[in-house]
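Have a look at the structure below, then the notes.
There are 2 protein chains.
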Amino acid sequence: MSDTKGSRETSAATPAAEATCEDLLKLGNFLCFSVYSAGHAFTRAYKPILDKLGLTYPQYLVMVALWEADGQTIGGLGSRLGLESNTLTPLVKRLEAMELVSRHRCTEDERQVRVRLSDKGSGLKAMAAGIPLCLGAATGMTHEDARRMQADLDRLREALETAAPRLSEVFEATRAKG
Amino acid sequence: MSDTKGSRETSAATPAAEATCEDLLKLGNFLCFSVYSAGHAFTRAYKPILDKLGLTYPQYLVMVALWEADGQTIGGLGSRLGLESNTLTPLVKRLEAMELVSRHRCTEDERQVRVRLSDKGSGLKAMAAGIPLCLGAATGMTHEDARRMQADLDRLREALETAAPRLSEVFEATRAKG
DNA sequence: AGAAAATTTATCGTGTGCGATTTAATCGCA
DNA sequence: TGCGATTAAATCGCACACGATAAATTTTCT
Numbered sequence: 003m004s005d006t007k008g009s010r011e012t013s014a015a016t017p018a019a020e021a022t023c024e025d026l027l028k029l030g031n032f033l034c035f036s037v038y039s040a041g042h043a044f045t046r047a048y049k050p051i052l053d054k055l056g057l058t059y060p061q062y063l064v065m066v067a068l069w070e071a072d073g074q075t076i077g078g079l080g081s082r083l084g085l086e087s088n089t090l091t092p093l094v095k096r097l098e099a100m101e102l103v104s105r106h107r108c109t110e111d112e113r114q115v116r117v118r119l120s121d122k123g124s125g126l127k128a129m130a131a132g133i134p135l136c137l138g139a140a141t142g143m144t145h146e147d148a149r150r151m152q153a154d155l156d157r158l159r160e161a162l163e164t165a166a167p168r169l170s171e172v173f174e175a176t177r178a179k180g
Numbered sequence: 003m004s005d006t007k008g009s010r011e012t013s014a015a016t017p018a019a020e021a022t023c024e025d026l027l028k029l030g031n032f033l034c035f036s037v038y039s040a041g042h043a044f045t046r047a048y049k050p051i052l053d054k055l056g057l058t059y060p061q062y063l064v065m066v067a068l069w070e071a072d073g074q075t076i077g078g079l080g081s082r083l084g085l086e087s088n089t090l091t092p093l094v095k096r097l098e099a100m101e102l103v104s105r106h107r108c109t110e111d112e113r114q115v116r117v118r119l120s121d122k123g124s125g126l127k128a129m130a131a132g133i134p135l136c137l138g139a140a141t142g143m144t145h146e147d148a149r150r151m152q153a154d155l156d157r158l159r160e161a162l163e164t165a166a167p168r169l170s171e172v173f174e175a176t177r178a179k180g
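Chains as they are written, first to last, in this note's numbering: chain H, 3 to 180; chain Y, 3 to 180.
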């Protein structure tokens, strides 16, 4: 608010479309916050539907992964969902307590645990089949727009995962100059 | 993988661009999962940088909100960040324990608690100033693309928040038909 | 003025997420 | 063969996130 006129005076260095240094620390300009908030909005939108299946949102994602490919290991589910065993182990144990899945040590490699859908777990798929359409309608987006956003988000995730290991040094370098 | 040829046979009813019912329950087609994963990727990318400030990612967002407008109430921060007092109260108490903020009951309305930056908290802003540029570089996106994604995500969040209260009934209706 | 309703924050319990560590099994290599 | 390194789960502790609820204050209504 304070110096919007400044952008005119220094238009050669900072054209109108470019944010000032001050603007960069405004929450409204944070892409990460938009992702963060949209994620919460999804969780909240799913809640009333998933309550009817007795699932939390992460539990639902695990079930979707298993409906797509049954008998995955904890590690396999983890790499598919981007979660570690310290998150998945207790989550899957809760699914087991609900009798939706069973857990077995692999005979070939006893380090691994294979997660299998029970009849009850497989049966839940029919009830869940309508959820994507329901949520799709809720977003009010066309299928094409949704796909475009997905592609954008997946590219973003990929870029972040690639850059993450170096960010600590990049930040130090930025601080040294700034 | 099993029946990609099927889309040709039934092309009149389901053109190539439209997903089959089976495809709808594949994790790769879930916009919510792309948002969920991108959110985790941001948290992980921020981690090494925020460790140097001694902040978690949600704590950082609260600090950003306070740097933008100091002296907000718990409720004000909550509506800005989309969080409830049951999340913010302990989080802000941790910021207080780190001596980054102080908490005071409002004199005008003693129900409210105002959160003020300490000198240490205000000072941290200078160190945090380089983070957006650092993360911006990490995403590998142009400023325009980032803004477009932000607009898309904010529209999505808005649509989900609007639809959420009705989703339970919409789902029932969908199930009755499907 | 005074009781009922509404508002604001705080508290409690459950379920993620993840860093650090542990345990058990497998692999690699001398 | 055997022993150190690696890998897969599990465990533990801490910090969100949120539903349910409680406690204190203010507002509203009569």
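Every residue gets a Cβ at the ideal spot worked out from N, C-alpha and C, and that includes glycine. Given the structure is predicted, the values throughout are model-derived calculations rather than measurements.
Check: Anticipated Cβ contact below 8 Å, Leu135(Y) with Thr45(H), distance rounded; Outcome: Incorrect: roughly 30 Å between the Cβ atoms, too far for contact.
Check: Outcome for Gly67(H) when other beta-carbon atoms lying within 10 angstroms are tallied against a minimum of 16; Outcome: Sequence inspection shows Ala at residue 67(H); the Gly mentioned does not correspond to that position. Buried, because 16 or more other Cβ atoms sit within 10 Å of the Cβ of Ala67(H).
Check: Helix, strand or coil at Thr144(H) [DSSP, three-state]; Outcome: coil
Check: Between the CA atoms of Leu97(H) and Gly30(Y) - distance to the nearest angstrom; Outcome: 22 Å
Check: Leu119(Y) in three-state terms, based on DSSP; Outcome: strand
Check: Buried versus exposed, by CB contacts within 10 Å (16 or more), Gly125(Y); Outcome: exposed
Check: Those residues which DSSP pairs with Gln74(Y) across a bridge; Outcome: Val117(Y)
Check: Anticipated Cβ contact below 8 Å, Arg118(H) with Val103(H), distance rounded; Outcome: 6 Å
Check: Within chain H, partners of Val37(Y) - CB distance below 8 Å; Outcome: Val37, Ala40, Gly41, Phe44 and Leu155
Check: Contact list for the segment 118-132 of chain Y against chain H, Cβ threshold 8 Å; Outcome: Lys127, Met129, Ala130, Ala131 and Gly132
Check: Three CB pairs or more closer than 8 Å across the segment 105-112 of chain Y and the segment 143-153 of chain Y; Outcome: no
Check: Proximal residues of chain Y, C-beta to C-beta of Pro50(H) below 7 Å; Outcome: Leu169 and Ser170
Check: Presumed contact (8 Å Cβ cut-off) between Pro50(H) and Ser170(Y), rounded CB distance; Outcome: 4 Å
Check: Where the segment 51-66 of chain H meets chain Y: residues whose CB sits under 9 Å from a CB there; Outcome: Ile51, Asp53, Lys54, Tyr59, Pro60, Leu63 and Val66
Check: Residues, ordered as in the chain, of the segment 134-150 of chain Y that lie near chain H by beta-carbon distance below 9 Å; Outcome: Pro134, Leu135, Cys136, Leu137, Gly138, Ala139, Ala140, Thr141, Gly142, Met143, His145, Glu146, Asp147, Ala148, Arg149 and Arg150
Check: Cα-Cα separation between Gly138(Y) and Arg168(H), rounded to whole angstroms; Outcome: 13 Å
Check: Rounded C-alpha distance that separates Ala71(H) from Leu27(Y); Outcome: 11 Å
Check: Short CB-CB distance (under 8 Å) between Gln152(Y) and chain H; Outcome: yes
Check: Selected residue, minimal CA-CA separation from Ala99(H), among Lys179(H), Leu52(H) and Leu57(H); Outcome: Leu57(H)
Check: Separation of Tyr38(H) from Thr89(Y), as counted between CA atoms; Outcome: 15 Å
Check: Cys34(Y) at chain H interface by Cβ criterion, 8 Å; Outcome: yes
Check: Ser87(H) to Ser81(Y) span [Cα, whole Å]; Outcome: 34 Å
Check: Reduced DSSP secondary structure (H/G/I, E/B, other) of Ala14(H); Outcome: Its pLDDT being 46, under 50, Ala14(H) is placed unreliably by the model, and the measurement read from it follows with that caveat. If DSSP states are grouped into helix, strand and coil, Ala14(H) belongs with coil.
Check: Chain Y contact for Arg1(H) (CB, 8 Å cutoff); Outcome: With chain H represented from 3 up to 180, any question about residue 1(H) goes unanswered, as that position is not in the structure.
Check: Amino acids of chain Y, ordered along the chain, whose beta-carbon sits closer than 8 Å to that of Cys108(H); Outcome: Under the 8 Å cutoff, chain Y gives no residues; its nearest Cβ is about 23 Å from Cys108(H).
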